[in-house]
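So the protein lines, in turn, are chains H and D.
If you use full-length UniProt numbering, the first sequence corresponds to residues 1 to 451, in order.
If you use full-length UniProt numbering, the second sequence corresponds to residues 1 to 305, in order.
We put the beta carbon where it would ideally sit given N, CA and C, even for glycine.
Reviewing the structure listed below.
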Amino acid sequence: MKKMIQHGLAIVDSPYDEDGKKRTLLNKLLLGLTPSQYLLQAFRNPFNWILGAIFAIGIPILIGRFFFGLAWATSGSNDYPWGLFLGFGLFAMVPLSSSGFQLGTACEIFGRHDLEPIERLALLNGLLGYFFAVMYLLADLGQPWRLPYPMVVSFGPAAVLFLVAWHVATYLSVQVAEVSSAFFEWIGFPAGKRAIRRITLGLTVSGIILSTLHQGALGALFTYAPGKVHPLWYSSSFQWLHFFVSSLPGGLCMVITVSTIAAKTMAWRGDHRFHEKLDKVTVSLAKGACMGIATYITIKLIAIAHDNKWAYLDTGWGQWFMFEIIVGFMLPLTLMTYGVHTRKMNVVRLGAFMTVFGVVLNRVNTAMITFNWKLPHREIPPWREVIISLTIFATYIVVYRFILYRLPILFKWRQQEQEETVPEAVPVPALGRREPSRVPVASYSSMTKLD
Amino acid sequence: MKRRNFLKACLIGGTTIALGKTNKGWASGSFEGYPEAMGVLVDTTRCIGCRSCEAACNKEQKLPEPDTSFDDPSVFEHDRRPTSKAYTVVNRYQKEQPSGPVYRKVQCNHCNEPACLTSCFVNAYTKTKEGAVIYNSKVCVGCRNCMIACPFNVPGYDYDSATNPIVKKCILCYDTRLKYGKPPACVEICPQEALTFGHRADLIKLAHERIRATPDRYVDHVYGEKEVGGTSWLYLAPVGFDKLGFDTTLSNDPIISNVKDFLGMVPMVLSIWPALFSGIHLLAKHEEQGGHGHDTDSNQEDTKP
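So this is what it looks like as structure tokens:
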């Protein structure tokens, strides 16, 4: 992409191309390239080859899981009914997706408009994280075609999972609505965008409610197994709070991580505003994450004190616990605090990566590694289970990239509000409509310098 | 929510729950089981490990042929657990003791307040008035939360089936026997009378009677009388239950009582959050119009309850 932009390609960031003609849907889908150019750039990217290799092996195995059953694809253990698909896929993806409701709250409820350059990325990160958590769930369920049963066929309202099912389903629709305003801009359907804008406050508030509840509910699921989760990862009173509070820095740090990757690998896609504001926004997010981590570490220690579990720290499990909390939470807290104060962005970003690692490790520890700690054997996921998990994650990356390349997430769609109401029969030349302060079409090289 | 369902079921079922009992149920949070609930008392001092109960169960429930025959003693070398192919297994403990080994039959204990039932989001489990915990495979989605929740590690899953995998566990022979007042197949076949079938309330009395009559023979505890809110299967043992593979760290409260803190919080969040955050939004908006800028203060702490 970089090379093509240097060769004078105009990136798609408005409904009109540089000659002032309206872009077709195909043109927008192909990023303004011709089909052959598009394929060329796709083949030139080495990362696509890695993805291709993963899909070549992974997709047949994923299909095989539905034909030969879970015993073929996973450990199929009665003692460890939840393997990698849920332990990693569901329990780790969901906390990393709490970004949507947090940035939505900050921008729409608290009026922090300075965070807006990242708001859409955070919303998209939330939507995709949830969507793929559900994909992992579908791979794991014994009878995935019955997934709607708790909504329509048979109700178990006393079950925490019932709550999770309903909330994740509702929240997914809320997030689709939130992200759809970017889609409506891109596709050219201003009425849809206006409709969403009108209900933004409602959507955001329901996002907070649903997120509080199901982030917590995922933790509460483990209170059904008081003897199986290791005491250091278990707290009957605070489990849901641990999961909820750790999801807050998890989601924020995931946005820092993704925005860092996006700014590096698809610099052409972010607009001037995104690149200029990114450091400042990252600092704000990191500050929020630091408060979240500090609170999390505190309530974690309170839980240990509450049930007097200090003695467990002096065991092998205790060392593993300390590794998780030091490397995954305390160290990143220190790094980010230091980075924020000295404005060393690389230190802040390193801290954010480590927090993401810490949150994932915490979930995998709770659901898999320390689960059944009293049983003599640990379950190591077999290779097919690992490959399927990897394949779903690779699909997540592909979809994420596909959307970031196209929808106005990292850049502003160049079209002013009032002009959206102008009938489409009167096309205004794009060049004439652009604000003078914006980057002119010809100078994309100035943006590619950023990477 | 759970309690309400339970009590509704009690009333509809025409059982003799008086109002006083209902109030007690609400107030104390301890459902002590249906009055007519049946159960089985396992006297591990009588069991000789013949595994005829395993064979009878296999036949009654039409389970697949086992890998080795039911008189193969080599299975005792490792502890086994119930699976989708064997609803009950007998394990051997205390092998090196001079008093000889102790055998323990493992199967679903049919809790009074089953964790599997309360964790199921499609309500696939039912505790019948006869005391059996039965399962409806027609609605099961296969999330396997019941297997996570079961404190005794009982339910097994049909991982081999691609099209219709279901949870399989002992149902106390509900469909074929219990419903008609007959004892389960394993109890009927036991040559040692190690298993006694009867009303749970009577079995508890019987168990304590045996301990009182021959205190040297038993430790003074009936496993299942109080564990996780009480179970329909009850055990007597000659040595500490922890030596026979029983989990002796289980609380006397049913598993669901751990989850109640969270479940109670749910309606509060649902009703308080909308007003709270809409209110904050109004305040923030007002402040904006009043010309107060926002600077670097963090937004995160406010999203925590």
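Q: Could you name the residues that DSSP lists as bridge partners for D/Val-89?
A: D/Val-106
Q. Measuring CA to CA, which of H/Gly-69, H/Val-176, H/Ala-305, H/Gly-216 is closest to H/Phe-91?
A. The shortest Cα separation from H/Phe-91 among H/Gly-69, H/Val-176, H/Ala-305, H/Gly-216 belongs to H/Gly-216.
Q) Is the region 141 to 160 of chain D touching the region 127 to 147 of chain H in the sense that three or more CB pairs, one from each, lie closer than 8 Å? A) yes
**Q.** Within 9 Å of chain D by C-beta, residues of the region 203 to 226 of chain H in sequence order
**A.** Thr-204, Val-205, Ser-206, Ile-208, Ile-209, Ser-211, Thr-212, Leu-213, Gly-216, Ala-217, Gly-219, Ala-220, Leu-221, Phe-222, Thr-223, Tyr-224, Ala-225, Pro-226
Q.
Quick check on this structure: which residue in H/Arg-120, H/Glu-324, H/Pro-376 has the alpha carbon closest to the alpha carbon of H/Leu-361?
A. H/Glu-324
**Q.** Assigned exposure category for H/Val-174 - 16 Cβ within 10 Å defines buried
**A.** Classification of H/Val-174: buried, given that the 10 Å Cβ count is 16 or more.
Q: Verify whether the separation of the beta carbon atoms of H/Leu-115 and H/Ser-284 is less than 8 Å.
A: In this structure, H/Ser-284 lies closer than 8 Å to H/Leu-115 by Cβ.
Q: Only counting runs of 3 or more residues, tell me where the beta strand (DSSP E) segments fall wholly within the region 212 to 251 of chain D, in order along the chain.
A: 233 to 236
Q: Output the boundary residues of the alpha helix (DSSP H) element that contains H/Ala-291.
A: First, the amino acid is wrong: residue 291 of chain H is Met here, not Ala. First-last of the alpha helix (DSSP H) with H/Met-291: 272 to 306.
Q) Excluding the five sequence neighbours on either side, which residues of its own chain have a C-beta within less than 6 Å of the C-beta of H/Glu-178, listed in chain order? A) Leu-123, Leu-203
(Q) With a threshold of 8 Å between beta-carbons, can D/Ala-237 be considered close to chain H, or not? (A) no
(Q) I'd like to know whether the C-beta of D/His-110 is nearer than 8 Å to at least one C-beta of chain H. (A) Using a CB distance cut-off of 8 Å, D/His-110 does not count as an interface residue toward chain H.
Q) Does the Cβ-Cβ distance between D/Gly-142 and D/Pro-165 come in under 8 Å? A) For the 8 Å CB-CB criterion, D/Gly-142 and D/Pro-165 form a contact.
Q | Minimum C-alpha distance to H/Trp-320 - residue among H/Thr-265, H/Phe-402, H/Trp-268, H/Pro-231 | A | Per the Cα distances, H/Pro-231.
Q: List in chain order: all unbroken beta strand (DSSP E) runs of 3+ residues lying wholly within the region 91 to 175 of chain D.
A: Taking only runs of at least 3 residues, the beta strand (DSSP E) segments lying wholly in the region 91 to 175 of chain D are 102 to 106, 125 to 127, 133 to 135.
Q: Could you have a look at H/Thr-212 and say whether DSSP puts it in helix, strand or coil?
A: helix
Q: Would you mind telling me which residues of chain H sit closer than 8 Å to D/Val-259, beta carbon to beta carbon, in chain order?
A: Val-160, Ala-220, Thr-223, Tyr-224
(Q) Could you compute how far the alpha carbon of H/His-242 sits from the alpha carbon of D/Leu-263? (A) 16 Å
Q. Just reading off the beta strand (DSSP E) that D/Met-38 is part of, what are its end residues?
A. 38 to 43
Q: Provide the residue(s) that pair with D/Leu-195 in DSSP beta bridges, ordered along the chain.
A: D/Val-42
Q | Residues near D/Ser-74 by beta carbon distance below 8 Å, same chain, minus five either side | A | Thr-68
Q) Hey, H/Phe-296 and H/Pro-226: beta-carbon distance below 8 Å or not? A) Rather than Phe, the amino acid found at residue 296 of chain H in this sequence is Tyr. No, Cβ-Cβ distance for H/Tyr-296 and H/Pro-226 is not below 8 Å.
Q) Under a three-way DSSP split, which group does H/Lys-22 fall into? A) strand
Q. Is the number of C-beta pairs between the region 180 to 197 of chain D and the region 35 to 46 of chain D that are closer than 8 Å three or more?
A. yes
Q | Alpha carbon of D/Cys-108 to alpha carbon of D/Asp-79, nearest angstrom | A | A straight line joining the alpha-carbon of D/Cys-108 with that of D/Asp-79 spans about 16 Å.
Q | Own chain residues within Cβ distance below 8 Å of H/Ile-403, not counting five before or after | A | Leu-124, Leu-128, Ile-409
Q) Smallest Cα separation from H/Arg-315: which of H/Arg-401, H/Pro-148, H/Lys-21, H/Thr-370? A) The question names Arg, yet the displayed sequence has Thr at residue 315 of chain H. When each option's Cα is compared against that of H/Thr-315, the closest is H/Thr-370.
**Q.** Reference H/Tyr-16; option with closest CA among H/Trp-186, H/Met-354, H/Cys-107, H/Thr-298
**A.** H/Trp-186
Q: Please find out if some non-hydrogen atom of the ligand MG comes closer than 7 Å to the beta-carbon of H/Asn-48.
A: The ligand MG is not part of the structure shown, which contains no ligands of any sort.
Q) H/Leu-404 lies in the alpha helix (DSSP H); which residues open and close that run? A) 383 to 406
Q | From H/Thr-282, H/His-272, H/Val-229, residue whose alpha carbon lies closest to that of H/Gly-251 | A | H/Thr-282
Q: Evaluate contact between the region 72 to 82 of chain H and the region 375 to 388 of chain H, counting only Cβ atoms and requiring at least three cross-stretch pairs below 8 Å.
A: yes
Q: Indicate whether the contact test is met: 3 or more Cβ pairs, each with one atom in the region 182 to 201 of chain H and one in the region 133 to 149 of chain D, closer than 8 Å.
A: no
Q. Who does H/Tyr-16 pair with in a DSSP beta bridge?
A. According to DSSP, which records beta bridges pairwise, H/Tyr-16 is partnered with H/Lys-22.
Q | Beta carbon proximity, D/Thr-22 to chain H, threshold 8 Å | A | The pLDDT assigned to D/Thr-22 is 33, lower than 50, so where the model puts this residue is not dependable, and the model offers no usable value.
Q: Check whether the Cβ atoms of H/Phe-357 and H/Gly-328 sit closer than 8 Å, and answer yes or no.
A: yes
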